[in-house]
Amino acid sequence: MAEHTFEATLYRWEAQSAAWTFVDLPFDVADEIEDAQQGPRRGFGAVKVDVALGGSRWRTSIFPSKERKTFVLPVKQAILRAEAIANGDRVTVTVTPVS
91 MAEHTFEATL YRWEAQSAAW TFVDLPFDVA DEIEDAQQGP RRGFGAVKVD
141 VALGGSRWRT SIFPSKERKT FVLPVKQAIL RAEAIANGDR VTVTVTPVS
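Add 90 to the 1-based position in the sequence shown for my numbering, that's all there is to it.
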């Protein structure tokens, strides 16, 4: 699968019991990933990806967001701490879908 590198701004999304940090995938990247998917997807339409942000690497899933009209990538608190980044910061992210 193709690797996609882009810049995005970290933002906070709050639920009733927790707060999460995300970045939105650019529309063109989301479209390419959507078009490349074959067969049934994981729960909630999730796509498994390998992620690189700064010196951190991890595997997670991106999720389609009807509200934001793109895939959203959750960024764990451990990554925020390791990279010394916070909500509102602009970051460079690389995502690679995993088959």
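The beta-carbon is built from N, C-alpha and C at its ideal position, and this holds for glycine as well.
Cβ-Cβ distance between residue i and residue j below 9 Å
i	j	result
Leu163	Val188	no
Val181	Val137	no
Ala172	Ser151	no
Thr111	Val165	yes
Closer than 8 Å: residue i CB and nearest the ligand ZN heavy atom
i	result
Pro187	Of the ligands one can find in the structure shown there are none, so the ligand ZN has no counterpart to examine.
Three-way DSSP call (helix, strand, coil) for residue i in this model
i	result
Arg171	helix
Asp140	strand
Rounded distance between the beta-carbons of residue j and residue i, thought under 8 Å
i	j	result
Val175	Leu100	Looking at the sequence provided, one finds Ile at residue 175 rather than Val. Between Leu100 and Ile175 the Cβ distance is about 6 Å, and since that is below 8 Å, they are a contact.
His94	Glu124	Not quite, the Cβ-Cβ distance comes to about 12 Å (not below 8 Å), so this is no contact.
Phe96	Thr160	Not quite, the Cβ-Cβ distance comes to about 11 Å (not below 8 Å), so this is no contact.
Pro154	Gly135	5 Å
Contained beta strand (DSSP E) runs [length at least 3] in the segment 92-132, N- to C-terminal order: Entirely contained in the segment 92-132, the beta strand (DSSP E) runs reaching 3 residues are, in chain order, 94-99, 101-104 and 109-114.
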